[in-house]
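Peer 1:
Residue numbers (this note's numbering), protein chains in the order written: chain A, 153 to 265; chain B, 3 to 113.
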């Protein structure tokens with residue numbers, strides 16, 4: 153029972169490089185999310201997708217883009233990485249029709265040097 | 003303006019005693035509240051929730067209390083166990099929409 157799977161788990165980037173974080177869920181959920189967590193801070197929403205084909209900005213969208221490729225997959229792209237984007241990134245999904253519980257992936261540790 | 007606040011960054015309790023984690027919110031439109039637990043190097047996992055039409059929900063050692071008039075909820079863990087040591091996040095939602103999270107409280111349960 154995989155749940156939410158995100159890759160890569162660890163990545164080091166140089167300033168200005170680009171990369172894509174991949175996420176897939178096997179729970180047939182409509183909603184998917186990308187959060188970042190910085191030390192001493194909570195989970196801040198970067199982007200979310202309420203359903204396949206739709207995406208919306210969250211609290212901290214600057215410097216990121218997303219793609220809801222299909223119902224299962226939701227990717228997060230950093231076009232030109234900056235040290236301020238060093239963080240732990242969590243992908244998550246939920247099914248609003250079945251309640252408000254969010255299911256998280258295990259996290260991706262990104263360092264930008 | 004932070005809509006969900008956990009004012010205690012950390013809490014330390016002795017094994018077997020009660021742990022009380024607190025959460026305050028400002029948006030009276032929130033209608034569902036959840037607690038998540040996070041171990042290091044793992045994603046958060048759902049722990050317990052409560053609807054705004056209730057004032058208490060219990061699941062084993064975990065009880066969540068909601069005081070709507072004070073816009074306050076709390077998570078009680080009785081008895082606390084060393085395995086409960088983790089970061090606890092409070093979250094609130096409205097109309098089954100996206101969740102707003104607090105900054106978390108790190109609970110340490112000492113043997």
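Just so it is clear, CB atoms sit at the ideal spot from N, CA and C, and this is done for glycine as well.
1) Could you check the C-alpha separation between residue 44/B and residue 257/A for me, to the nearest Å?
2) So, using beta-carbon positions, are residue 233/A and residue 167/A closer together than 8 Å?
3) Less than 8 Å between the beta carbons of residue 91/B and residue 42/B, yes or no?
4) Less than 8 Å between CB atoms is the rule here; does residue 193/A satisfy it with respect to chain B?
5) Would you verify that the beta carbon of residue 198/A is, or is not, closer than 8 Å to some beta carbon of chain B?
6) What runs of the alpha helix (DSSP H), each 4 residues or longer, lie entirely inside the stretch 9–93 of chain B?
7) When burial is assigned at 16 or more other CB atoms within 10 Å of the CB, is residue 221/A buried or exposed?
8) Count the other CB atoms, across all protein chains shown, that sit within 10 Å of the CB of residue 184/A; report buried if there are 16 or more and exposed otherwise.
9) The beta strand (DSSP E) with residue 260/A in it runs from where to where?
10) Would you check if the stretch 235–245 of chain A and the stretch 16–26 of chain B touch, i.e. whether three or more CB-CB distances between them fall below 8 Å?
11) Here's the rule: buried if 16 or more other CB atoms are within 10 angstroms of the residue's CB, otherwise exposed. What is residue 188/A?
12) Anything in the stretch 246–257 of chain A with a Cβ closer than 7 Å to a Cβ of chain B? List those residues in chain order, please.
Peer 2: If we stick to the structure as given:
1) One-based indexing of the second chain puts residue 44/B at position 42. One-based indexing of the first chain puts residue 257/A at position 105. About 8 Å.
2) Your numbering for residue 233/A matches position 81 in the first chain. Your numbering for residue 167/A matches position 15 in the first chain. Contact flag set, yes.
3) Locating residue 91/B in the second chain gives position 89, counting from the first residue. Locating residue 42/B in the second chain gives position 40, counting from the first residue. In this structure, residue 42/B does not lie closer than 8 Å to residue 91/B by Cβ.
4) By one-based count along the first chain, residue 193/A stands at place 41. Yes, its Cβ sits closer than 8 Å to a Cβ of chain B.
5) One-based indexing of the first chain puts residue 198/A at position 46. No, no contact with chain B.
6) none
7) Numbered from its first residue, the first chain carries residue 221/A at position 69. Counting Cβ neighbours within 10 Å, residue 221/A comes out exposed, since fewer than 16 surround it.
8) The residue you call residue 184/A lines up with position 32 of the first chain. Residue 184/A should be labelled buried.
9) Locating residue 260/A in the first chain gives position 108, counting from the first residue. Per DSSP, residue 260/A belongs to the beta strand (DSSP E) from 260–264.
10) no
11) Residue numbering aside, residue 188/A sits at position 36 when the first chain is read from its first letter. Buried, by the Cβ-count rule.
12) 248, 252, 253, 254, 256 and 257
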